[in-house]
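In UniProt numbering, the protein residues as written are 1 to 329.
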């Protein structure tokens, strides 16, 4: 087993637990010609990342692409995994594939192997340190330029802040004036709130009165409806009575005409009877006068006295006739 294979197998758990960006690692291996597109698809078909990394390591070991794998790890930001793999130091006692312990042997080959391994590790540490120093130097230069830019921005910001401070002072003065106005406004608002409370009380009183008036209006409306119904009934009665009165007027007119005709008939009858009575009285008087005349012829001695009596007797008869006519006119 080669040293690279031993480093990969000893770091297998760490690689599976700490490696990220598996797709970018596979893309880098495709660029280096280690795997093909179909192999990439087969590896990514497995949903578990640990199984995907296990398949990658198997292909790396089989194709002996140790350096390409380390380069892919560095490119994808897995430097901590590279440090773990490269910095792995093997102890003197090694375990074989069956997990059996072997006795410690201090042969010349093992010592040389250990020395080569140590030298290789020291060389890696130096290269790693130099690379880190370069990266740190570049980082510091970049940071220095960033700091300068930040200082310039801060200077500009300070100038802007000074302008803002002046503006804030001016605004503060305006705000103080507004605050005074606001306090006065608060006093006015308090007075308005009291007025509103009073108006609310009045509104509640008015609402109660309106409710009472509404009930009164409802009651009056009901009464109006009742009066309307009653008025309609009275109107019907009045119409009926008007019709009856018209009929009575017609009948009264007829009765008045009948009465007038009857009265005229009575007057006519009375006049006729009066005339007949007068004629009878005249005939009677003539008869009496005739008889008296005959008496005077037979007894002349008493003629003057008889004329006197006739005259006196004739007077009541004339008065009676006049009285009768007066009463029956």
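Every residue gets a Cβ at the ideal spot worked out from N, C-alpha and C, and that includes glycine.
Taking only the alpha-carbon atoms, compute the straight-line gap between residue 197 and residue 172 and give it to the nearest angstrom. Here residue 197 refers to the residue found at position 197 when the chain shown is read from its first residue. Here residue 172 refers to the residue found at position 172 when the chain shown is read from its first residue. If you draw a straight line from the Cα of residue 197 to the Cα of residue 172, it is about 35 angstroms long.
Taking residue 83 as part of the alpha helix (DSSP H), name the residues at either end of that continuous run. Position 83 of the chain shown, counted from the first residue, corresponds to residue 83. Here the alpha helix (DSSP H) through residue 83 covers 79-86.
DSSP on residue 138, reduced to helix/strand/coil? Here the question's residue 138 lines up with position 138 in the chain shown. Helix.
Excluding the 5 residues flanking residue 12 on each side, which residues of the same chain have their C-beta closer than 7 angstroms to its C-beta? For the purposes of this step, residue 12 is taken as the residue at position 12 of the chain shown. Contacts found: 57.
Within the same chain, show all residues whose beta-carbon is closer than 7 angstroms to that of residue 72, passing over the 5 residues directly before and after it, in chain order. Numbered from its first residue, the chain shown carries residue 72 at position 72. Excluding its 5 nearest sequence neighbours in each direction, residue 72 has C-beta neighbours in its own chain below 7 angstroms: 25, 28 and 29, listed in chain order.
Please identify the residue among 48, 20, 145 and 146 whose C-alpha is closest to the C-alpha of residue 82. The residue labelled residue 82 in the question sits at position 82 within the chain shown. Nearest option by C-alpha distance: 20.
Mapping DSSP to helix, strand and coil, what is residue 283? Start at 1 with the first residue of the chain shown, and residue 283 comes out as number 283. Reduced to three states, the DSSP call for residue 283 is helix.
If the criterion is Cβ atoms closer than 8 angstroms, does the pair residue 59 and residue 35 meet it? Taking the chain shown and counting its residues from 1, one reaches residue 59 at position 59. Taking the chain shown and counting its residues from 1, one reaches residue 35 at position 35. Less than 8 angstroms separates the beta-carbon of residue 59 from that of residue 35.
Given a threshold of 16 other Cβ atoms within 10 Å of its Cβ, counted over all protein chains shown, does residue 2 qualify as buried or as exposed? By one-based count along the chain shown, residue 2 stands at place 2. Result: exposed.
What does the alpha-carbon distance come out to for the pair residue 104 and residue 51? To locate residue 104, count along the chain shown from 1; it is residue 104. To locate residue 51, count along the chain shown from 1; it is residue 51. For residue 104, the predicted model reports a pLDDT of 42, less than 50, meaning its position is unreliable; a value from the coordinates is still stated below. Whole-angstrom Cα-Cα distance: 36 angstroms.
Does the beta-carbon of residue 15 have 16 or more other beta-carbons within 10 angstroms, so that it is buried, or is it exposed? Residue 15 sits at position 15 when you count from the first residue of the chain shown. Under this definition residue 15 is a buried residue.
Mind checking whether residue 48 and residue 23 have CB atoms under 8 angstroms apart? Walking along the chain shown from the start, residue 48 turns up at place 48. Walking along the chain shown from the start, residue 23 turns up at place 23. Contact flag unset, no.
Output yes or no for whether 8 angstroms exceeds the beta carbon distance between residue 80 and residue 18. Counting from 1 along the chain shown, the entry for residue 80 is found at position 80. Counting from 1 along the chain shown, the entry for residue 18 is found at position 18. Cβ distance < 8 angstroms, so residue 80 and residue 18 count as in contact.
Could you give the distance in angstroms between the alpha-carbon of residue 270 and the alpha-carbon of residue 240? As a working note, residue 270 is residue 270 in the chain shown. As a working note, residue 240 is residue 240 in the chain shown. The alpha-carbon separation between residue 270 and residue 240 amounts to approximately 43 angstroms.
What are the boundary residues of the alpha helix (DSSP H) that residue 331 is part of? Residue 331 is absent from the model: the chain starts at 1 and stops at 329.
Determine the DSSP secondary structure at residue 265, reduced to helix, strand or coil. Indexing the chain shown from 1 puts residue 265 at position 265. Correct three-state label for residue 265: helix.
I'd like to know if residue 165 contacts chain B, where contact means its C-beta is closer than 8 angstroms to some C-beta of that chain. Any reference to chain B falls outside this structure, which holds one protein chain only.
Helix, strand or coil: how does DSSP classify residue 48 here? Start at 1 with the first residue of the chain shown, and residue 48 comes out as number 48. Coil at residue 48, not helix or strand.
Going by the beta-carbon positions, is the gap between residue 32 and residue 68 smaller than 8 angstroms? Residue mapping note: residue 32 aligns to position 32 of the chain shown, counting from 1. Residue mapping note: residue 68 aligns to position 68 of the chain shown, counting from 1. Their beta carbons are under 8 angstroms apart, which means residue 32 touches residue 68 by this criterion.
Apart from the five residues just before and just after residue 66, which ones in its own chain have a Cβ nearer than 6 angstroms to its Cβ? On the chain shown, residue 66 is found 66 positions in, with the first residue counted as 1. Within the same chain, Cβ atoms closer than 6 angstroms to the Cβ of residue 66 are found at 4, the five residues on either side in sequence being excluded.
With a 10 Å radius around its C-beta and 16 neighbouring C-beta atoms as the bar for buried, classify residue 111 as buried or exposed. In the chain shown, residue 111 corresponds to position 111, counting from 1. Because residue 111 sits at a pLDDT of 49, beneath the cut-off of 50, its placement in the model cannot be relied upon, and the following sentence gives the value as read from the coordinates. So residue 111 ends up on the exposed side.
Could you compute how far the alpha carbon of residue 70 sits from the alpha carbon of residue 64? The residue labelled residue 70 in the question sits at position 70 within the chain shown. The residue labelled residue 64 in the question sits at position 64 within the chain shown. Between the C-alpha atoms of residue 70 and residue 64 there is a straight-line separation of about 12 angstroms.
Check whether the Cβ atoms of residue 8 and residue 61 sit closer than 8 angstroms, and answer yes or no. Position 8 of the chain shown, counting from 1, holds the residue named residue 8. Position 61 of the chain shown, counting from 1, holds the residue named residue 61. Contact flag set, yes.
Would you tell me roughly how many angstroms separate the C-alpha atoms of residue 10 and residue 143, rounded to the nearest one? Taking the first residue of the chain shown as position 1, residue 10 is located at position 10. Taking the first residue of the chain shown as position 1, residue 143 is located at position 143. Those two C-alpha atoms are separated by around 38 angstroms.
Who are the Cβ neighbours of residue 234 in its own chain at under 8 angstroms, not counting the five residues just before and after it? As a first step, residue 234 is located in the chain shown; it is residue number 234 there, counting from the start. By the criterion of a C-beta distance shorter than 8 angstroms, residue 234 is surrounded by no residue of its chain, once the five residues flanking it on both sides are discounted.
For residue 9, which of helix, strand or coil comes out of DSSP? The residue you call residue 9 lines up with position 9 of the chain shown. Residue 9: helix per DSSP, three-state reduction.
Would you list, in sequence order, the uninterrupted alpha helix (DSSP H) runs of no fewer than 4 residues that lie entirely inside the region 146-172? Listed in chain order, there is nothing to give.
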